[in-house]
Amino acid sequence: MGRTILSATQTWVEEEKALRRFVRALRKSDQALILELLALSRRHIAESSYASNLYPMDIYLVSMLLEMYRKVRHLENLVERLEADTGEDLPLSDEPILPLPSLMSLVHPDENVQDESAEKPVGRIEYVELQDGA
4 MGRTILSATQ TWVEEEKALR RFVRALRKSD QALILELLAL SRRHIAESSY
54 ASNLYPMDIY LVSMLLEMYR KVRHLENLVE RLEADTGEDL PLSDEPILPL
104 PSLMSLVHPD ENVQDESAEK PVGRIEYVEL QDGA
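In structure tokens:
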């Protein structure tokens, strides 16, 4: 008797086959990017067998996210080292970071939904204490 459950590697191959038409439909520049993301996700095939309760695509996406976050952290560390070496803060961008739109403004784009966060651009991260029971 054979196996009844596909291995993690076989599942990965099946997911890649399912994505081929999508990848071919993308622009050439986007095709290169998604192929790079798929290659990054393959680094975690062995670990994915421990997450059998998730759908294969979920594991795929989490693996991609993990690799991208690893790259972001590496770049942040490089910027911090450069700032320490030069003794000055490196400007990240001249343009302010705009906040994400509220869910209500996305659901009801025609209505004038008041969103306090949309009034001003976001600067540094601000932590807010939540009340008990909130």
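Positions 4 to 137 (the numbering used here) are the ones given, in order, by the sequence shown. Note that beta-carbon positions come from the ideal geometry of N, C-alpha and C, so glycine has one too.
8 Å Cβ shell around residue i - same chain, five flanking residues per side excluded
{"i": "residue 43", "result": "66, 67, 70 and 71"}
{"i": "residue 34", "result": "26 and 27"}
Whole-angstrom distance between residue j and residue i, CA atom to CA atom
{"i": "residue 15", "j": "residue 76", "result": "26 Å"}
{"i": "residue 104", "j": "residue 114", "result": "14 Å"}
{"i": "residue 29", "j": "residue 64", "result": "18 Å"}
{"i": "residue 23", "j": "residue 87", "result": "45 Å"}
{"i": "residue 80", "j": "residue 54", "result": "30 Å"}
{"i": "residue 74", "j": "residue 40", "result": "12 Å"}
{"i": "residue 90", "j": "residue 106", "result": "41 Å"}
{"i": "residue 7", "j": "residue 108", "result": "47 Å"}
{"i": "residue 102", "j": "residue 110", "result": "17 Å"}
Residues near residue i by beta carbon distance below 7 Å, same chain, minus five either side
{"i": "residue 21", "result": "none"}
{"i": "residue 45", "result": "15"}
{"i": "residue 59", "result": "14 and 18"}
{"i": "residue 112", "result": "none"}
{"i": "residue 78", "result": "none"}
Contacts around residue i, its chain only, beta-carbon distance under 6 Å, and the 5 residues preceding and following it disregarded
{"i": "residue 48", "result": "11, 12 and 15"}
{"i": "residue 32", "result": "none"}
{"i": "residue 9", "result": "none"}
8 Å contact criterion, which residue i and residue j should meet: CB distance rounded
{"i": "residue 51", "j": "residue 37", "result": "About 19 Å separates the two Cβ atoms, so there is no contact after all."}
Fill in: Complete runs of the alpha helix (DSSP H) confined to the segment 31-87 [at least 4 residues]
Restricted to the segment 31-87, the alpha helix (DSSP H) segments that are unbroken, complete and at least 4 residues in length are 31-44 and 48-51, listed in chain order.
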